[in-house]
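Residue numbers (the numbering used here), protein chains in the order written: chain U, 67 to 366; chain D, 67 to 366. What follows is a short report on a single structure.
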C-alpha cells in the first residue's frame with residue numbers, strides 16, 4: 067500500500083533517470099524549481115504545469131548559491147515532510163532533492179562552494195534592483211536553474227510573477243542555453259493581498275501588517291496606471307507614498323518596462339510596465355511585483 | 067452576586083435618571099451612541115470616552131429613522147447579548163436601549179414613524195456623498211443623536227472617523243444646539259486594513275476580499291498626498307483606479323476639505339483633505355474614510 071502516488075527521490079540521479087524515461091516516451095515534462103516550504107503559491111505553479119504537460123516534476127532544494135546572507139539561508143523555512151502532500155494534491159508526479167555536491171559532482175571547492183568557473187552569467191536582466199541589493203543572488207539562481215535545465219531537460223519551466231526579475235533572468239537564460247519554455251504565472255495572493263511567500267511564516271503579527279503595504283503600494287500603482295498614468299516616476303512615487311505608511315525599510319520601489327529592461331526607470335510614456343518592490347519588515351525581506359499593464363487576476 | 071458591574075437599562079427613563087445623577091455629582095459624562103453589534107471599533111470609542119470622562123454611557127439602538135432601505139434595517143446585525151461584555155471590558159459604566167416610542171413619547175405617527183415636525187435638520191454637512199446616496203439618512207441620524215444629547219446631556223460624545231461625514235453632521239448639530247463636545251476618533255482597522263464595521267459580518271469570503279479595496283484605495287490616496295499631491299481630482303482618481311481592481315459597485319470615491327465642506331471636490335491646492343468612499347460588495351454597502359492630511363494611526 068502506498069500513501070502517496072507521487073515519486074520522491076533523495077538524489078538527482080534517480081530524478082534524472084525518471085525525467086529521461088518520461089521524455090523517451092514522447093511525453094512533455096513540466097518543471098517547477100522550489101526551495102521547499104511549499105505553499106499555495108507553489109501549488110498554483112504546479113497546477114499550471116500539470117495543465118500544460120503530461121508529467122510534472124518539482125525540485126526541492128534550498129540553494130546555498132543564491133543566498134548572500136548566511137542568516138537568510140539558515141532561517142529559510144524548511145518543511146520537507148509537508149511538501150510532498152501539497153505537491154501531490156496539486157498534480158505533481160515526481161519531487162526530488164539532493165545536495166550541492168550531488169548536483170555538481172566534482173565541481174565543488176574545499177570549502178563546499180561551487181568552483182567559480184561553473185557559475186553561470188545571469189545576463190542583462192540581473193542588473194539593478196535585486197541585482198543591486200542581493201549581489202551574486204541571480205548568479206546563484208542562474209547556476210542552479212541552468213543545471214536543472216541541463217540534467218532534467220524539461221519541456222517547460224514555471225516561475226511566479228512575484229519574483230518578476232528572477233523570471234526575466236531565467237527566461238533569458240533558457241533562451242541563451244536552449245532550455246525549456248519559461249512560463250511566468252500570476253502571483254497567488256493571500257486573501258489579505260500579501261503574496262504567498264515562504265518568508266511570510268517568519269513575520270510577527272505586526273510584521274505581517276507592515277508587509278501588507280507592499281501589495282497596497284502595487285495596487286495603488288496599478289490604480290494610477292488604470293487611470294491613464296504612464297510615467298514611471300509618477301507610478302513609483304505613489305508606491306513610495308503608500309510604503310511610507312507602513313513600518314518598513316524600503317530597499318526599492320520602482321517601475322520598469324518588462325520587455326526593455328533598464329538599469330533605471332524609463333523616461334517618457336510607457337507601453338508596458340511592471341512594478342517591483344523590496345522592503346524589510348523587521349528582519350524579514352519581502353518582495354512583491356505586479357504587472358501594471360496586464361490583467362492581474364487578484365487573490366482567489 | 068453580579069456578573070457584570072456595568073448598568074444595563076431597558077428603557078430611556080432609567081438611563082436619563084442615571085445620567086442626571088452622574089451630572090448632579092459634578093462628574094463628566096462621555097457618551098457613545100451605537101446600533102449594537104459591537105466590535106473593536108466601538109471599544110476604541112468607549113476606551114477613549116473612559117479616558118476623558120468620569121463616567122461613560124452607551125446607547126444601543128438600531129435607529130429606524132436613519133435606514134432608507136428597509137432591507138438594510140432588517141439585516142443589520144444584532145447581538146445585544148454579546149454587547150454588554152464588550153462594553154464593560156472597554157470601560158463603559160452604563161448601557162441602555164429603548165424603542166422609538168420611548169425615545170419620542172407622544173410624537174409617533176399611526177404608522178410607527180416619527181411625526182415629520184420632530185425630524186431635525188442635519189445641516190450643510192449632510193449635502194452630497196452620503197447625503198446623495200442615502201436620502202434622509204442624516205436627518206434620521208441627527209434626529210436620534212440630537213434627542214440623545216437632549217435627554218442625556220453628556221459632556222462629550224464620541225464618533226469614528228470611518229463615518230467622517232456623519233461626524234461632521236453631528237459636530238455641527240452639537241454646535242448649533244448647545245450639545246456636547248464631539249470627539250472624532252481614528253478608525254480602528256482589522257489587521258487586513260478593512261475598517262471594523264458591523265456590516266463586515268455579512269460579507270462572504272470573496273465579498274470581504276473585494277471590501278479590502280476600499281482601504282487600499284484610501285492608502286493609495288494618502289500615499290499620493292504624502293508625495294505632495296494636493297489636487298482633489300488627482301487624489302480621487304487614484305482611488306477610482308484602485309477600486310476598479312476589486313469586484314465592487316462604487317457609489318462615490320471623493321476628496322473634500324473637512325473644514326470647508328462643499329457639494330463637489332474643491333479646485334486648487336488643498337491644505338487639508340479627507341478621502342471618502344462608499345461601495346457595494348454584493349449586497350453589503352461599505353463605507354470608509356481617511357484623513358489624508360493628519361497622522362493616521364493605522365491598524366493596531
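Built from N, CA and C at the ideal position, the CB exists for glycine as well. Model, not experiment: these values are computed from the prediction.
No Cβ of chain U is located within less than 8 Å of the beta carbon of residue 320 of chain D. In the assembly as shown, residue 182 of chain U is an exposed residue. Its beta-carbon has fewer than 16 other beta-carbons within 10 Å.
Legend: CB atoms of the region 296-309 of chain D lying less than 8 Å from CB atoms of chain U belong to residues 303, 304, 305, 306, 307, 308 and 309. Rounded to whole angstroms, residue 90 of chain D and residue 119 of chain D show a C-alpha spacing of 15 Å. Taking a Cβ-Cβ threshold of 9 Å, the residues of chain U close to residue 271 of chain D are 257, in chain order. Residues of chain U whose Cβ lies closer than 8 Å to the Cβ of residue 288 of chain D are, in chain order, 307, 308 and 311.
At a cut-off of 8 Å between beta-carbon atoms, residue 268 of chain U makes no contact with chain D.
With a cutoff of 8 Å on beta-carbon distance, residue 308 of chain D and residue 289 of chain U are scored as near each other. Close CB contacts of residue 283 of chain U within its chain, under the 7 Å cut and outside five residues either way in sequence, are with 305, 308, 309, 319 and 343 (chain order). Look at residue 282 of chain D: its C-beta is under 8 Å from a C-beta on chain U. For the pair residue 349 of chain D and residue 107 of chain D, the Cα-to-Cα distance works out to about 22 Å. Using a Cβ distance threshold of 8 Å, residue 112 of chain D and residue 157 of chain D count as a contacting pair.
A straight line joining the alpha-carbon of residue 172 of chain U with that of residue 213 of chain U spans about 14 Å.
Chain order gives the chain U residues near residue 293 of chain D as 303, 304, 306 and 307, where near means a beta carbon separation below 8 Å. The region 250-261 of chain D and the region 127-146 of chain D do not touch, with fewer than three beta-carbon pairs separated by less than 8 Å. Runs of the beta strand (DSSP E) lying entirely within the region 99-172 of chain D and spanning at least 3 residues, in chain order: 121-126 and 160-162. In the DSSP assignment, residue 354 of chain D falls within the unbroken beta strand (DSSP E) covering 350-357. For a cut-off of 8 Å, the C-beta gap from residue 116 of chain U to residue 148 of chain U is around 19 Å, too long to register as a contact. Going by beta carbons, residue 154 of chain D and residue 94 of chain D fall outside the 8 Å limit.
Under the DSSP definition of a beta bridge, residue 251 of chain U partners with U/226. Taking 8 Å as the CB threshold, residue 285 of chain D lines the interface with chain U. Below 8 Å, enough C-beta pairs join the region 207-221 of chain U and the region 71-84 of chain U to call them touching: three or more.
Bounds of the beta strand (DSSP E) holding residue 342 of chain U are 340-347. Distance between residue 339 of chain U and residue 360 of chain D, taken at the CA atoms: about 32 Å.
Among the residues facing chain D, residue 339 of chain U is not included, as its CB has no counterpart in that chain under 8 Å away.
The three-state secondary structure of residue 323 of chain D, taken from DSSP, is coil.
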